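Contents: one structure, followed by commentary.
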Amino acid sequence: MMQTRRRPRGSRERGDARGERPSLAVVHAAALYRPTPPVECDADGYPFSDAKPMSEGDYHGDVLDYAKGALRARFDGHEVYASTDKFLFLEEGNRRAAVVPDVLVAFGPPSGPRQSYKHWEEGKAPDFVLEVLSSDNWRNDIERKPALYAELGVREYWTFDPRGVRTDGDPPLEGWRLGRTGMRTRIAPSGSGEFRSDVLGLDLLASGRLLRFRDPATGEILPDHVESEAMRRAAESRATAAETRADSAESRADTAEERLAEETAAREAAERRIEELERRLRESS
């Protein structure tokens, strides 16, 4: 159902009669939030979809599709919520206090579907956020969002530049550990160039326009949702084939056992006939 310009229940303007001062994160989020009508809202008036096209096309989409599929497959069956391009609301009643992280992962909330991620309902901020840089907003992602996410309680913040839109000469993949005081600690790459996310327990690797996650324990790249499904079907096929081979082997074993029993019975019958003939010969002589 499409709704536009509907005020959330219990909404209020900043600087109301109670004199409450909004947090820095809320101020930043409201300054960054730029919905593009028509806006689709949930039952309480919070937007969860707008008509703004993805500015960088497939470059963004490919990274987001892989990240969502790979991370959901990785944490399947655990209390982990992983999503992409999802509205993140910071303050109840203030629908302008929102950002839309390209990738977010939260440990603790259930993994079920959501129209948006509401901080007050989930009880915590996402633990991991990644933004894919684009030509029209990369400075916001680099200069303004780290402070917002730090105050919100995000533990790791990452940026990935698949198209080389940055003009400051920094590498395409960067990560920071955040503190609520606004302190940022840059995550250094290993000698071979990959980065380790302590939050995810995974390595992050950038190769041209591709971003991949790797399991440090096995050294294997996490498959995306298409590859995971193909691997699942292949595993099922192998299991079915193995079961068929086992059934066939069991059938052959049963047949061999039956044949052995028949041969044993025939030999014993022949031995008895021979014994009977020998007995008769002895009696006749």
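Per my numbering, the very first residue in the sequence shown carries number 1015; after that it's consecutive.
In this text, a Cβ means the ideal position worked out from N, Cα and C, and glycines have one as well.
As the structure is a prediction and not an experimental result, all values here were calculated from the model.
Going by C-alpha to C-alpha distance, which of the options sits closest to residue i?
i: G1193; options: T1181, W1172, Y1163, R1293; result: Y1163
i: F1062; options: E1277, S1262, K1100, E1276; result: K1100
i: E1093; options: M1197, F1121, W1190, A1112; result: F1121
i: V1077; options: A1270, E1277, G1207, R1177; result: R1177
i: E1157; options: G1196, G1205, G1083; result: G1196
i: R1169; options: D1150, P1185, R1200; result: R1200
i: L1225; options: S1206, G1233, D1141, L1187; result: L1187
i: T1181; options: W1172, S1204, A1161, W1152; result: W1152
i: R1210; options: R1191, R1198, S1221; result: R1191
i: A1161; options: E1297, S1037, E1292, R1294; result: S1037
i: R1109; options: E1054, G1205, R1086; result: E1054
i: D1212; options: R1294, A1220, S1206, A1202; result: A1202
i: Y1060; options: R1086, K1132, A1087; result: K1132
With a cut-off of 8 Å on the beta carbons, I'd call residue i and residue j a contact; round off their distance for me.
i: L1147; j: F1174; result: 7 Å
i: V1117; j: V1143; result: 7 Å
i: L1236; j: R1223; result: Not quite, the Cβ-Cβ distance comes to about 18 Å (not below 8 Å), so this is no contact.
i: F1103; j: S1125; result: Not quite, the Cβ-Cβ distance comes to about 19 Å (not below 8 Å), so this is no contact.
i: D1238; j: G1083; result: 4 Å
i: W1172; j: G1189; result: 4 Å
i: K1159; j: E1136; result: Wrong, their Cβ atoms sit about 19 Å apart, outside the cutoff.
i: L1219; j: E1234; result: The Cβ separation is near 12 Å, so there is no contact.
Within the same chain, show all residues whose beta-carbon is closer than 7 Å to that of residue i, passing over the 5 residues directly before and after it, in chain order.
i: W1134; result: E1106
i: P1067; result: Low confidence applies here, because P1067 scores a pLDDT of 49, under 50, leaving its location unreliable; read the following figure in that light. If we look at P1067 and ignore the five residues flanking it on each side, it has no Cβ neighbours.
i: A1283; result: none
i: I1288; result: none
i: A1275; result: none
i: Y1073; result: P1176, R1177, R1223
i: T1098; result: L1078, A1081, K1082, D1116, V1117
i: R1293; result: none
i: M1245; result: Model confidence at M1245 stands at a pLDDT of 49, short of 50, so the residue's coordinates are unreliable; what they give is reported in the following sentence. P1237.
Closer than 6 Å by C-beta to residue i: which residues in its own chain qualify, once you throw out the five before and the five after it? Chain order, please.
i: R1266; result: none
i: E1027; result: Annotation note: pLDDT 41 at E1027 (below 50); position unreliable, coordinate value reported separately. Within the same chain, E1027 has no close Cβ partners at all.
i: Y1095; result: A1120, P1123, S1125
i: S1025; result: Legend: pLDDT at S1025 = 43, less than 50; position of this residue unreliable, value from coordinates given subsequently. Excluding positions up to five away in sequence, the list reads G1107.
i: P1230; result: D1217
i: R1273; result: none
i: Y1080; result: D1238
Could you pull out every residue in the same chain whose Cβ sits closer than 8 Å to the Cβ of residue i, ignoring the five residues on either side in sequence?
i: K1138; result: A1120, G1122, P1123, G1167
i: R1128; result: Y1095, S1097, K1100
i: D1141; result: V1119, A1120, F1121, V1168, R1169, E1170, V1213
i: E1297; result: none
i: D1268; result: none
Starting from residue i, trace the beta strand (DSSP E) both ways and give me its first and last residue.
i: E1136; result: Looking at the DSSP string, E1136 is not in any beta strand (DSSP E); the run it does join, the alpha helix (DSSP H), is 1133-1136.
i: D1217; result: 1216-1221
i: S1340; result: Past the boundaries of the shown model lies residue 1340; the chain is included only from 1015 to 1299, so the question cannot be answered.
i: E1145; result: 1142-1146
i: L1224; result: 1224-1228
Where in the region 1153-1207 do unbroken runs of the beta strand (DSSP E), each at least 3 residues long, occur, reported from the N-terminal end onward? 1170-1174, 1187-1192, 1198-1200
What are the start and end residues of each continuous beta strand (DSSP E) run of 3 or more residues lying completely inside the region 1074-1130, in chain order? Residue ranges of uninterrupted beta strand (DSSP E) with 3 or more members, entirely inside the region 1074-1130 and ordered along the chain, are 1094-1098, 1117-1121.
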